[in-house]
Structure formats: structure tokens, C-alpha cells
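In our numbering, the protein residues as written are 35 to 603. For reference, the structure is listed below as C-alpha cells.
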RNA sequence: UGUCCGAUGGUGUAAUGGUAGCACUUAUGGUUUUGGUCCAUACAGUCAAGGUUCGAGUCCUUGUCGGACAACCA
């Protein structure tokens with residue numbers, strides 16, 4: 035009895051807290067923010083979400099869930115030249131698909147443009163901001179370098195009234211883009227480049243996808259993000275490691291803004307890097323624009339819509355994110371971990387079906403020509419509840435071309451002249467002869483006999499080395515199958531400083547096969563329904579192209595294959 | 001020749017001054033009507049040198065290596 039108790043207890047403490055959860059726990063224990071936990075997920079609507087965002091989403095929403103808190107969705111839309119509503123919609127779809135809910139808290143940084151403008155005006159009045167009119171080149175020159183301090187701008191001590199007037203007129207559209215900016219007055223000699231009088235407002239005349247042409251000045255990220263967190267009452271603002279050096283600035287603004295003990299706390303964690311793919315939005319956009327993939331949701335893309343189309347389940351992605359964890363170490367995660375996560379999930383869930391990708395005809399010479407029968411087969415050996423279904427069997431069947439060898443080596447457990455194998459859920463057959471095209475040398479047909487005694491479930495069997503998947507030729511459904519592989523052939527396509535990442539594209543990342551033969555139940559496979567094709571891998575009916583009677587399947591991931599791994603080459 | 005942040009088996013991640021553990025990978029064996037699954041076993045780690053301590057992966061110092069920072073991007 036006590037054993038059970040301990041076990042449950044152990045189960046409780048089994049999952050250790052990551053460093054962010056520990057911070058949250060400490061803040062809670064210290065009674066900060068009235069023990070309130072409020073996070074936010076803040077994408078910029080300038081591209082599709084990828085699996086790196088999933089890592090952030092799981093953290094932001096997960097922390098809130100685990101602490102009876104809330105998580106806002108906030109579109110960080112401060113740069114109208116890059117953003118679009120198309121992205122807003124896709125981002126919302128992807129978050130929902132992943133299984134998270136922001137309820138009624140859908141916000142936009144642009145909601146705060148008024149407040150932000152007011153705060154900027156306030157900073158000018160407090161002599162903490164000024165209008166700069168030098169060129170960006172001039173400003174860059176004065177900014178110094180990481181190892182040399184900067185020097186003050188000649189406009190740094192411009193009278194308050196003048197800055198106030200100019201800032202107002204900047205927003206009224208009086209000045210050209212690039213002619214004037216607003217800078218915070220902090221410290222040009224700071225060892226932190228971000229504190230050297232950072233630019234906080236710039237003129238942009240491109241209409242904004244939500245606010246139109248209301249505004250002619252737009253806040254920079256550093257001036258918008260922390261303040262938006264503040265306006266929303268965010269307690270923990272979680273972001274990736276590269277924002278670490280922004281934190282002093284984040285805190286500086288919060289300090290000027292706050293009128294109580296409350297201030298949001300920024301905590302940084304490591305961004306996701308995966309082997310054999312790229313994760314930067316810029317590169318993903320480039321792949322799309324240069325038609326190196328078919329779109330943002332190309333099944334080879336690390337985008338959530340791509341993974342979804344590939345056949346990944348939301349659960350598998352969440353489990354993956356859970357296993358890689360959150361640290362401050364700049365890690366490179368093996369994509370094998372992701373593949374493992376989807377195999378693990380689908381092994382439990384996916385119905386086993388039979389489909390032959392590269393068909394080779396077998397005629398069972400002792401099976402009556404006009405006869406056929408239905409054989410029972412198990413839907414999922416991992417899940418008894420999944421039940422059984424019937425499979426048609428007849429004189430002519432297809433097997434995988436690779437499952438026959440004219441002159442097989444000893445360790446080859448499949449079919450060869452004179453050899454016997456089991457047809458999954460059917461009979462043991464023996465190969466007696468084969469037909470070869472005299473011109474091409476290609477084997478076109480196998481002549482076999484079946485042993486009626488050995489029908490599946492009859493209890494009559496004998497040791498055979500292999501079990502093959504097959505489909506009845508007369509009943510088979512023609513299907514198109516799309517095979518996907520890793521997008522890049524190099525482990526770290528990002529890591530080569532002197533080479534273009536596109537040089538490492540895997541030329542075999544996508545193959546279409548159109549003459550596949552599948553068992554009849556697959557004819558009307560629902561889009562996005564997932565299967566294990568016995569002995570081949572996990573496949574999903576394409577959510578866009580698969581139609582009743584004309585199914586199209588994407589290979590999500592192959593099964594682990596210790597045979598070909600050992601015997602390749 | 002700056003500031004900040006890191007470093008635990010091949011990879012990722014725990015251990016919060018007290019037995020270096022887990023997952024993946026790899027290898028071997030068992031089970032199997034999927035060369036899948038499942039089960040078992042094995043391989044393998046605290047960046048280095050000092051210091052504090054009864055005791056250091058953990059704290060301190062120095063070094064080495066890696067990352068971030070000089071966009072009117074986020």
C-alpha cells in the first residue's frame with residue numbers, strides 16, 4: 035500500500051521544473067504581483083509559425099495553465115512594411131491546432147499605439163528622449179562599436195519644446211521616412227550597445243494592416259514590447275536568448291512607466307535549433323519565394339502548417355517540445371527526436387493498413403480464377419479496442435518489388451525462388467517461378483502457390499522467416515504517394531558561415547509515386563487521417579489533395595528499419 | 001581585445017552543497033503473422049587548473065571553448 039503511495043508521489047515529483055518554472059515558483063512564493071501569473075505569446079505577423087514557435091507557445095501557455103494563470107495572444111505588429119493579415123490568420127489556426135486557447139485575449143501592439151505615443155511624449159518632456167535629425171550613417175558612426183564607446187549626438191540636448199513639436203509633426207506626415215527619428219536619452223558610453231540612445235520611433239508611410247494611415251510614426255520593438263507587456267499586466271515575459279542584452283533597456287522603460295511595484299519580468303530561454311533544417315523566417319521565406327518548396331505548408335517545411343500536412347500530430351509536437359526542454363544553452367537538437375515523437379504517438383493511434391508502393395504482381399497458380407475471399411485482420415496490435423476489419427484476397431496480388439530477389443543472400447527473409455513467406459493476415463505462399471522481360475531484364479511477375487491449410491487464424495502454421503504486406507490486384511485502389519525526406523542533406527545547413535544554406539538542399543527530399551496499390555478501405559480515406567502502412571511507415575491523407583476515390587498520401591516518417599540500415603551498401 | 005550569457009555520455013536534458021539519473025542514438029539478445037512495437041542487457045558524461053568545504057557537476061578565482069550584441073527588423 036505504501037508502495038503505491040510512494041509511486042504516485044514519485045510520479046508527481048518526477049518531472050523537474052525548468053529554470054523558468056523555478057523563477058515563477060519563486061516569484062509566487064515571494065508574493066509578487068498578488069500571486070498572479072500572466073504570460074503572452076507575441077508573434078510578429080510576418081510569416082508562418084514554425085516548430086521553434088511551438089516551443090515558445092508550449093512554454094507561454096503551459097506556464098499559465100500550470101499556475102492558474104492566463105496567456106495572451108499578442109500580434110507584435112509595429113512594422114507595417116513587413117506584416118500582413120494573411121499571417122495573422124495562419125498564426126491563429128496553428129495555435130489552435132496545437133491545442134492552446136487564448137480565449138478572448140487577442141491583442142495587437144497596434145492597440146497601444148496611442149498610449150505608446152503618449153509615453154514617448156512624456157519621455158520627451160522629462161528630457162529622456164529627443165528628436166534626432168542626422169542620417170542613419172551618421173548615427174551609426176557615433177554609436178561606436180561593442181569595444182568602443184559612442185559619442186553624443188549634437189541634437190541630444192535639443193530643447194524639449196522643439197522635440198515635442200518635431201515629434202508631433204513627424205506623425206502628421208510632414209517629414210520623409212528616414213529624415214527624423216526619436217531617440218531615448220540614456221548613455222552613449224554604455225557597454226551595452228542597446229543603451230546608447232536607442233531609436234524608439236521612426237517614420238513609416240506604408241499603411242498598417244490594422245490602423246491604416248492613422249499613424250506616420252511607429253514604435254520600435256524595444257519601445258513597444260515591454261510597454262505592451264505592462265499595459266496587459268503581463269507578469270512573465272518569456273523570449274529567446276538573443277533578447278538578453280535588451281533586458282536592461284526593457285527594464286529601463288518599465289522603470290520610467292510604472293507607478294507601482296508591478297513590472298513585467300523578462301526571462302530568456304534557448305531558441306530551438308533542429309538538425310537538417312533551417313529555422314529563420316528569412317530563410318523559410320526565401321525557400322517559399324524561390325519555389326524551392328511548394329509553399330509555407332510544404333510537408334518538408336518546419337512550419338506548423340508544414341508539419342501538420344506532413345502528418346505530425348499536435349500531441350507529438352508537444353511531447354517533442356517537452357523532451358528537449360528549456361535552458362540557456364545554445365543547443366542543436368537532433369531531428370531524430372522529433373521523428374521519434376511522431377512514431378511513438380502514431381504507434382499507439384494509427385490503424386495498420388496495407389499498401390504497395392512499388393507493385394510486383396504475383397499469380398497464385400493454385401488459387402481458383404473466379405474466386406475471392408475476405409480475411410480478417412487486426413487494425414492495431416497496440417490497441418485491442420481498435421478492432422478488426424476484412425481484407426479481400428484473390429488469385430492475383432501485388433507485393434513490394436523490393437520483397438523479391440532473384441538471387442537473395444542468406445539473411446534476406448523475404449521471397450526468392452523456392453522460398454516461402456507468410457502473407458500478412460493471409461496464407462503462406464511459395465515462389466515457384468518468375469517471369470522476366472527478355473529485353474529489359476525486369477521481373478514482371480511471380481508465379482507462386484499458396485497453402486490453403488495455413489490460413490491466418492487457422493492455427494496451422496510453420497516457421498517462415500518473413501511476413502510480407504500485399505494487396506489483392508482485383509480490389510486494389512490506385513493511389514498517389516508522396517515520399518518526403520529531410521529538406522537538407524547537411525546536419526547543420528545554418529552552420530557554414532562561408533556557404534549558402536541552399537547549397538545543402540537534399541535533392542531527394544521529395545518523390546511522388548503514382549502507381550501505388552492500396553487496400554480498398556483507403557479509397558475514401560478522410561483528409562488528415564493517419565495510417566501505418568504495414569512495414570513501410572506512417573502516412574497521412576493529404577489535407578488538400580486527397581479526394582474520395584482518389585486518395586493521396588504523404589509519408590510522415592518511415593518505420594525504423596534495422597534491416598536496411600545494416601545492409602545498405 | 002569590450003559587455004553579457006553559456007559549457008554534464010554521440011545528442012538533448014535532470015541532479016538546487018550529500019549515491020551523476022532519464023530520454024533518444026548505438027550495440028547485443030529475447031518476443032513477434034510488421035526486419036515495426038515491446039522486453040532485457042551493454043557502451044558512454046560533469047571543459048581545464050586552482051580554491052572554499054567533512055563533502056563540489058553545483059559556490060569562488062583564473063583560463064579555454066561556444067553564443068549574443070555595432071537594423072530607422074522583431
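Ideal Cβ positions, reconstructed from N, Cα and C, are used throughout, including at glycine.
Check, Outcome
"Cβ-based neighbour list, residue 260, same chain, cut-off 6 Å, excluding 5 preceding and 5 following", "284, 287, 288"
"Unbroken alpha helix (DSSP H) run spanning residue 371, endpoints", "369 to 383"
"Beta bridge counterpart(s) of residue 272 as assigned by DSSP", "301"
"Start-to-end residues for the alpha helix (DSSP H) that takes in residue 217", "Unbroken run through residue 217 is the beta strand (DSSP E), 215 to 218; no alpha helix (DSSP H)."
"Helix, strand or coil at residue 470 according to DSSP, with G and I counted as helix", "strand"
"Contact belief for residue 546 with residue 520 at Cβ below 8 Å, rounded distance in angstroms", "At roughly 17 Å, the Cβ-Cβ gap does not stay under 8 Å, so residue 546 and residue 520 are not in contact."
"Cα-Cα separation, residue 47 to residue 157", "Any reading at residue 47 must be qualified, since the residue scores a pLDDT of 42, below 50, and its modelled position is unreliable; the value itself is stated next. Residue 47 and residue 157: Cα-Cα distance of roughly 48 Å."
"Buried versus exposed call for residue 548 [16 or more other C-beta atoms within 10 Å across all chains shown]", "exposed"
"Closest by C-alpha distance to residue 393, when choosing among 532, 421, 437", "437"
"Nearest-angstrom Cα separation, counted from residue 468 out to residue 476", "10 Å"
"Coarse secondary structure for residue 229, derived from DSSP in three states", "helix"
"Chain-order list of residues whose beta-carbon lies under 6 Å from that of residue 503 (same chain, five-residue window excluded)", "388, 458, 568, 569"
"Integer Cβ distance of residue 256 from residue 187, believed to fall under 8 Å", "Not quite, the Cβ-Cβ distance comes to about 18 Å (not below 8 Å), so this is no contact."
"Opening and closing residue of the beta strand (DSSP E) in which residue 15 lies", "Limits of the chain in this structure are 35 at one end and 603 at the other, which puts residue 15 out of reach."
"Where residue 433 falls: helix, strand or coil (DSSP)", "strand"
"Own chain partners of residue 57 with C-beta closer than 7 Å, once the 5 adjacent residues on each side are dropped", "301"
"Element boundaries [beta strand (DSSP E), containing residue 245]", "Neither: residue 245 is in no beta strand (DSSP E) and is coded neither H nor E."
"Residue 504: first and last residue of the uninterrupted beta strand (DSSP E) it sits in", "504 to 506"
"8 Å Cβ cutoff met for residue 365 and residue 307", "yes"
"Buried or exposed (CB count within 10 angstroms, at least 16 for buried), residue 586", "buried"
"Residue 332 beta carbon less than 8 Å from that of residue 340", "yes"
"Span separating the alpha-carbon of residue 9 from that of residue 183", "No statement about residue 9 is possible, as the shown extent of the chain runs from 35 to 603 and does not include it."
"Reduced DSSP secondary structure (H/G/I, E/B, other) of residue 64", "coil"
"Outcome for residue 601 when other beta-carbon atoms lying within 10 angstroms are tallied against a minimum of 16", "exposed"
"For residue 105 and residue 98, the rounded distance between their alpha carbons", "6 Å"
"Spatial neighbours of residue 247 in its chain, beta-carbon cut-off 6 Å, leaving aside the 5 residues before and after", "241"
"Identity of the residue in 435, 94, 59, 62 nearest residue 617 by Cα", "A query on residue 617 cannot be resolved here, the shown segment of the chain reaching from 35 to 603 and no further."
"Nearest neighbour of residue 563, chosen from 383, 201, 162, 351 [CA to CA]", "383"
"Residue 478 - containing alpha helix (DSSP H), residue span", "From DSSP, residue 478 is part of no alpha helix (DSSP H) but of the beta strand (DSSP E) over 477 to 485."
"Enclosing beta strand (DSSP E) for residue 257 [first to last residue]", "Premise fails: residue 257 lies in the alpha helix (DSSP H), 255 to 266, not in any beta strand (DSSP E)."
"Cβ distance (whole Å) where residue 482 is taken to contact residue 514 below 8 Å", "Actually they do not touch by this definition, with Cβ atoms about 28 Å apart."
"Distance, residue 239 Cα to residue 118 Cα", "15 Å"
"Buried or exposed (CB count within 10 angstroms, at least 16 for buried), residue 588", "buried"
"Opposing strand residues paired with residue 252 [DSSP bridges]", "236"
"Opposing strand residues paired with residue 424 [DSSP bridges]", "410"
"Identity of the residue in 166, 532, 580 nearest residue 213 by Cα", "166"
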